[in-house]
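Q:
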Amino acid sequence: MIPNTKPIFTMRLLFVLSVLSALLISDTLNAQRAPSKFAVIGYLPEYRLNSIKPDALSGITDLIYFGLVPNKDGRLAEPPIPRAALIKLQSIKQQAHCRLLLSVGGWDRSKGFAELTSSALARQLFIRNLVRYCRLNGFHGIDYDWEHPKTKIELTNYVKLIKETSNACHPHSMIVTAAQAAWQNLGKDAYQAVDRVHLMTYDHDFPHATYDKSTKDVERVIAWGCAPEKLTLGIPFYGRDKDRKARTYAEITANQPVDSTTDMIAGFAFNGQATVAKKVRYAAEQKLAGVMIWELGQDSSRTELGLLEVIRKQVKSAATGK
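FYI, the numbering for the sequence shown is 162 to 483, going by our numbering.
(1) Whole angstroms is fine: what's the gap from residue 244's alpha carbon to residue 336's?
(2) So what does DSSP say about residue 478, is it helix, strand or coil?
(3) Going by beta-carbon coordinates alone, are residue 434 and residue 468 separated by less than 8 angstroms?
(4) Near residue 241, which residues of its chain fall below 7 angstroms by C-beta distance, leaving aside the five closest residues on each side in sequence?
(5) Rounded to whole angstroms, what's the CA-CA distance from residue 370 to residue 220? Just pull it up for me.
(6) What does DSSP give as the partner residues of residue 419 in its beta bridges?
(7) Would you call the CB atoms of residue 290 and residue 237 closer than 8 angstroms?
(8) Is it buried or exposed, residue 175, if we count other Cβ atoms within 10 angstroms and call 16 or more buried?
(9) Taking the beta strand (DSSP E) that residue 305 falls in, what are its first and last residues?
(10) Can you list, in chain order, the residues of its chain whose CB lies under 8 angstroms from that of residue 232, leaving out five sequence neighbours each side?
(11) Going by DSSP in three states, residue 247 sits in which element: helix, strand or coil?
(12) How do the stretch 404–418 and the stretch 310–328 stand: do at least 3 beta-carbon pairs fall below 8 angstroms, yes or no?
(13) Three-state secondary structure (DSSP) at residue 281?
(14) Under a Cβ-count criterion, where at least 16 other Cβ atoms within 10 Å of its own Cβ denotes burial, should residue 425 be classed as buried or exposed?
(15) Return the bridge partner residues of residue 359 from the DSSP annotation.
(16) Report back the beta-carbon spacing between residue 338 and residue 378 to the nearest angstrom; my notes put them in contact at under 8 angstroms.
(17) At the level of alpha carbons, what is the spacing between residue 348 and residue 400?
(18) Does the beta-carbon distance from residue 396 to residue 358 come in below 8 angstroms?
(19) Taking DSSP as the reference, what is the three-state secondary structure of residue 215?
(20) Which residue or residues does DSSP assign as beta-bridge partners of residue 206?
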């Protein structure tokens, strides 16, 4: 009697197909998460949203909406973002053909992080609420900006938040990024868990964001264990004077004769067009993930002075070799 091998064959075939399907899905998810080109990331605070024109953001690959305040109990504000703002963000996303990320924290918005991250239950509730909200409202990822953990315990808890958020986001093809001060080492576990690190290569001593200071910041963080392909170089669209007073690039250059090499006006040090171009070229040559901008609403509306336009041209030049 010849045994019936069809059920066994069918089961084996189904098993092979299921494995192949899982691999294909995994590859697809990884491809969706991973940046396919040099990233140009721009932060946009909620107080700039109504003044920004979507067609002015051509060339941005990732728009980060700034920024939610973390609550210590893990709950989100109700609503986290006003409906009108969500509609405007979706319009920008469609017109600029960019991904949309939601930022949590920031300067003067980070007080809730310490207590939130100290509780495993609060972290899980927060992550669950945040991921669900992002998925329902068209966000492609989450950006954390804790400024700054003050103790080793706080830093350890922050890394837990990053890793747990990554575990929750990646199955849904969402990315997790972290803004980092140039002096702060997040640690290899955090660098491994995040998809990108947005390095704040500015706010140093006067002048606050020179080319040399920025490249040293990049070298330092890479030495700490961050892969170059995960690291973005921060470019400020603002300047500071010796007293650390800040003004936007648009304010500094308003009604001023400015050429591309100008990096100082009326005591305010900033990144002019030539410096911005040089930084973009450096990021491309070092095979970094890209550049990050703080923040888009600070750029000049004068076409001949625009910094984002310089970035667009440099990225195109790096891609085409022209």
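We put the beta carbon where it would ideally sit given N, CA and C, even for glycine.
A: Here's the rundown:
(1) Straight-line Cα distance between these residues: approximately 23 angstroms.
(2) Residue 478 falls in the helix class under three-state DSSP.
(3) Residue 468 sits close to residue 434, with the two beta carbons spaced by under 8 angstroms.
(4) Contacts found: 229, 294.
(5) Put simply, the backbone Cα of residue 370 is about 23 angstroms away from that of residue 220.
(6) According to DSSP, which records beta bridges pairwise, residue 419 is partnered with nothing at all.
(7) Yes, the pair counts as a contact, with Cβ atoms nearer than the cut-off.
(8) For residue 175, the predicted model reports a pLDDT of 43, less than 50, meaning its position is unreliable; a value from the coordinates is still stated below. Looking at its Cβ environment, which holds fewer than 16 other Cβ atoms inside 10 Å, residue 175 is exposed.
(9) Judged by DSSP secondary structure, residue 305 falls within the beta strand (DSSP E) whose first and last residues are 302–306.
(10) Apart from the 5 residues on each side of it in sequence, residue 232 sits with its Cβ closer than 8 angstroms to the Cβ of 238, 273, 277, 287 in its chain, given in chain order.
(11) Helix at residue 247.
(12) Counting Cβ pairs under 8 angstroms, fewer than three are found: no touch.
(13) Here residue 281 sits in helix by DSSP.
(14) When all chains shown are included, residue 425 counts as exposed.
(15) Answer is 340, 393, bridged to residue 359.
(16) Contact between residue 338 and residue 378 does not hold, since their C-beta atoms are separated by about 17 angstroms, which reaches or exceeds 8 angstroms.
(17) Straight-line spacing of the CA atoms in residue 348 and residue 400 works out to 30 angstroms.
(18) Note that the C-beta distance between residue 396 and residue 358 is not below 8 angstroms.
(19) It is helical.
(20) Note: residue 206 sits in a beta bridge opposite 227.
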